[in-house]
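Below: one structure, written as structure tokens.
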């Protein structure tokens, strides 16, 4: 019989601190995983990740596959961003309608550092390369907003409305910011003057957008096709047909890794190799897997060095690697559904009864 796990719902009354310490276990999310981010590697070789889900939970996974579970919202978490030089993690919470909130948490002290409600939905969320700014892309005419992480004041870094953007990235020096708009533009701004440096008309409607290979290439997905652009020129390098692709690479990678899913239980890990920073190879099969299917299929993931963490529609977390293989293997799940959610409870003279 499953153990009982009382899920604590944090409301607006808990303004500054989490109401309890983290629960540590291999418990999965209770709804689909919406985002996965890796933490910067500061010492040793330990790789750490955050997963977020529609269950309102944020879970920090360590190398031993144990998760620190924090419920920070009573609605779904749609986006997360991890600061590169602090213990801050930013989250976008939404019910898909009128509730749209951005908050920043210190995951070591379990305290909230920033909180703001929005009338419009949030389309992107990112920290700048040094962690100086939190950048929030909104679905309003104003577009992206910048917040100074030293005091959480809003500042005007860009002297223009960026429009709706779903990808934000800054240079390592934080002197340049690049924005991709699904309306079909790639814009570069000088963050010191706020002026537009360059703007390209590019393919519209890309999702899963990422810069990689020292910011030379930009990749994204539209209509089961992966597009790779030259980010310095705004030109299309290649387009690759792919079945339900999930882009796994980040800006740290020189090659583009992605996962294909055939709609059954077959997954292929593939790679587009960078060829001298000018073009990319045809898709190369790295290895094949058998994994969850249907309503339990993989829907998000991230590559971190040679390790890949994957999240499913039912909240399970899987871990694979990039070592090439000719054989088909089963995906390794690192979570288990140990606890039951409590929907109601009542007190008896000498007992409690729980509805699970």
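Residue numbers (this note's numbering): 14 to 369.
Ideal Cβ placement from N, Cα and C applies to all residues, glycine included.
Just so we're clear, the structure is a prediction, and the values are computed from it rather than from any experiment.
- In chain order, which beta strand (DSSP E) runs of at least 3 residues are fully inside the stretch 250-315? Complete beta strand (DSSP E) runs here, min 3: 269-274, 279-285 and 297-303.
- Which ranges would you report for the beta strand (DSSP E) in the stretch 76-105 if only whole runs of at least 3 residues count? Within the stretch 76-105, complete beta strand (DSSP E) segments of at least 3 residues are found at 80-84 and 89-95, given in chain order.
- Item | Endpoints, beta strand (DSSP E) assigned at residue 121 | Locating residue 121 in the chain shown gives position 108, counting from the first residue. Counting along the chain, residue 121 falls outside any beta strand (DSSP E), and DSSP gives it neither H nor E.
- Task: For residue 151, I'd like the list of residues in its chain whose CB is within less than 8 Å of its CB, leaving aside the five on either flank, ordered along the chain.
- Result: Position 138 of the chain shown, counted from the start, is the residue given in the question as residue 151. Counting only Cβ-Cβ distances below 8 Å, and skipping sequence neighbours, we find 131, 133, 134, 135, 136, 157, 158 and 177.
- Taking the runs of the alpha helix (DSSP H) that are 4 residues or longer, which of them lie wholly in the stretch 193-228? Runs found: none.
- Query: Got a sec, what are the start and stop residues for the beta strand (DSSP E) residue 182 sits in?
  - Reply: In the chain shown, the residue the question calls residue 182 occupies position 169. Run containing residue 182: 180-183, per the beta strand (DSSP E) assignment.
- Give the straight-line distance between the Cα atoms of residue 202 and residue 186, rounded to the nearest whole angstrom. As a first step, residue 202 must be located in the chain shown, where it is residue number 189. As a first step, residue 186 must be located in the chain shown, where it is residue number 173. So the alpha carbons of these two residues sit roughly 13 Å apart.
- Between the Cα of residue 69 and those of 37, 87, 78 and 63, spot the shortest distance and give me the residue it belongs to. Along the chain shown, read from residue 1 onward, the residue named residue 69 stands at position 56. For residue 69, the closest of 37, 87, 78 and 63 by C-alpha to C-alpha distance is 87.
- Message: If you reduce the DSSP assignment to three classes, tell me which class residue 151 lands in.
- Response: As a working mapping, residue 151 is identified with position 138 in the chain shown. Residue 151 falls in the strand class under three-state DSSP.
- Over the uninterrupted beta strand (DSSP E) stretch that includes residue 236, give me the two end residues. As a working mapping, residue 236 is identified with position 223 in the chain shown. That residue, residue 236, is in no beta strand (DSSP E); it is neither H nor E in DSSP.
- Item | Nearest candidate by alpha-carbon position, reference residue 302, set 281, 174 and 290 | To locate residue 302, count along the chain shown from 1; it is residue 289. If we check each option's Cα against that of residue 302, 281 comes out closest.
- What residues in its chain sit with their C-beta under 7 Å from that of residue 209, if we drop five residues either side in the sequence? Mapped onto the chain shown, residue 209 falls at position 196. 173, 200 and 202.
- Task: Below 6 Å CB to CB, which residues in the same chain sit around residue 350 once its five sequence neighbours on both sides are set aside?
- Result: On the chain shown, residue 350 is found 337 positions in, with the first residue counted as 1. Excluding residues within five positions, the ones whose Cβ falls inside 6 Å are 41.
- Task: Give me the Cα-Cα distance between residue 346 and residue 207, rounded to the nearest whole angstrom.
- Result: Against the chain shown, residue 346 aligns to sequence position 333. Against the chain shown, residue 207 aligns to sequence position 194. Rounded to the nearest angstrom, the two C-alpha atoms are 46 Å apart.
- Task: Look up residue 47 in the DSSP assignment and say whether it is helix, strand or coil.
- Result: Here residue 47 corresponds to residue number 34 of the chain shown, with the count starting at 1. Residue 47 carries a strand assignment under DSSP once its states are collapsed to helix, strand and coil.
- Item | Neighbour-count burial assignment, residue 53, 16 or more Cβ in a 10 Å radius | The sequence position of residue 53 within the chain shown is 40, counting from 1. It is exposed - the Cβ of residue 53 has fewer than 16 other Cβ atoms within 10 Å.
- So what does residue 36 bridge to, in DSSP terms? Against the chain shown, residue 36 aligns to sequence position 23. Residue 36 is bridged to 82.
- In DSSP terms, what residue 189 is bridged to: As a first step, residue 189 must be located in the chain shown, where it is residue number 176. Under the DSSP definition of a beta bridge, residue 189 partners with 203.
- Excluding sequence positions up to five away, which residues of its chain have a Cβ less than 7 Å from the Cβ of residue 234? For the purposes of this step, residue 234 is identified with residue 221 of the chain shown, where counting begins at 1. The answer, listed in chain order, is 219, 220, 221, 258 and 260.
- How long is the line joining the alpha carbons of residue 319 and residue 277, rounded to whole angstroms? In the chain shown, residue 319 corresponds to position 306, counting from 1. In the chain shown, residue 277 corresponds to position 264, counting from 1. Across the structure, residue 319 and residue 277 are spaced so that their CA atoms are roughly 26 Å apart.
- Message: Please tell me whether residue 326 and residue 45 are closer than 8 Å, where the distance is taken between their beta carbons.
- Response: Here residue 326 refers to the residue found at position 313 of the chain shown. Here residue 45 refers to the residue found at position 32 of the chain shown. Yes, Cβ-Cβ distance for residue 326 and residue 45 is below 8 Å.
- Task: Using beta-carbon positions only, say whether residue 80 and residue 39 come within less than 8 Å of one another.
- Result: Counting from 1 along the chain shown, the entry for residue 80 is found at position 67. Counting from 1 along the chain shown, the entry for residue 39 is found at position 26. Against a cut-off of 8 Å, the Cβ pair of residue 39 and residue 80 comes out as a contact.
- What span of residues does the beta strand (DSSP E) with residue 143 cover, start to end? Position 130 of the chain shown, counted from the first residue, corresponds to residue 143. Looking at the DSSP string, residue 143 is not in any beta strand (DSSP E), and its letter there is neither H nor E.
- Query: Can you tell me whether DSSP reads residue 347 as helix, strand or coil?
  - Reply: If you number the chain shown from 1, residue 347 lands on position 334. Reduced to three states, the DSSP call for residue 347 is coil.
- Comparing the C-beta of residue 160 with each C-beta of chain C, is any distance below 8 Å? The chain inventory of the structure shown lacks chain C, comprising one protein chain alone.
- From this set, 140, 275 and 109, which residue's C-alpha is nearest residue 160's C-alpha? Start at 1 with the first residue of the chain shown, and residue 160 comes out as number 147. Looking at the Cα atoms, 140 is the closest of the given residues.
- Return the CA-CA distance between residue 180 and residue 76, expressed in angstroms with no decimal places. Walking along the chain shown from the start, residue 180 turns up at place 167. Walking along the chain shown from the start, residue 76 turns up at place 63. Our two residues, residue 180 and residue 76, have alpha carbons roughly 29 Å apart in a direct line.
- Item | residue 165, DSSP secondary structure in three states | To locate residue 165, count along the chain shown from 1; it is residue 152. DSSP, reduced to helix, strand and coil, places residue 165 outside both helices and strands of the structure shown, so it counts as coil.
- Item | Sequence-distant residues of the same chain with beta carbon closer than 7 Å to residue 184, five excluded per side | Locating residue 184 in the chain shown gives position 171, counting from the first residue. So the list reads 142, once near-sequence residues are dropped.
- For residue 283, which option in 336, 246, 50 and 291 has the closest C-alpha, if you only look at C-alpha atoms? Stepping through the chain shown from its first residue, residue 283 is reached at position 270. Of all alpha-carbon atoms in 336, 246, 50 and 291, the one lying nearest the alpha-carbon of residue 283 is that of 336.
- Message: Measuring only the C-alpha atoms, how far is residue 343 from residue 196?
- Response: Position 330 of the chain shown, counted from the start, is the residue given in the question as residue 343. Position 183 of the chain shown, counted from the start, is the residue given in the question as residue 196. Between residue 343 and residue 196, the alpha-carbon positions lie close to 39 Å from each other.
- Task: Please go through the same chain and pick out, in chain order, the residues whose beta-carbon is closer than 7 Å to the beta-carbon of residue 298, but skip the five residues on each side of it.
- Result: Mapped onto the chain shown, residue 298 falls at position 285. Taking residue 298 as the centre and dropping the five residues before and after it, the same chain places the C-beta of 281 and 283 closer than 7 Å to its C-beta, in chain order.
- Nearest to residue 341 by alpha carbon, out of 110, 279, 63 and 294? Residue mapping note: residue 341 aligns to position 328 of the chain shown, counting from 1. Here the closest residue by C-alpha is 279.
- Item | Through-space distance from residue 190 to residue 166, alpha-carbon basis | Residue numbering aside, residue 166 sits at position 153 when the chain shown is read from its first letter. Residue numbering aside, residue 190 sits at position 177 when the chain shown is read from its first letter. Cα-Cα distance, rounded: 19 Å.
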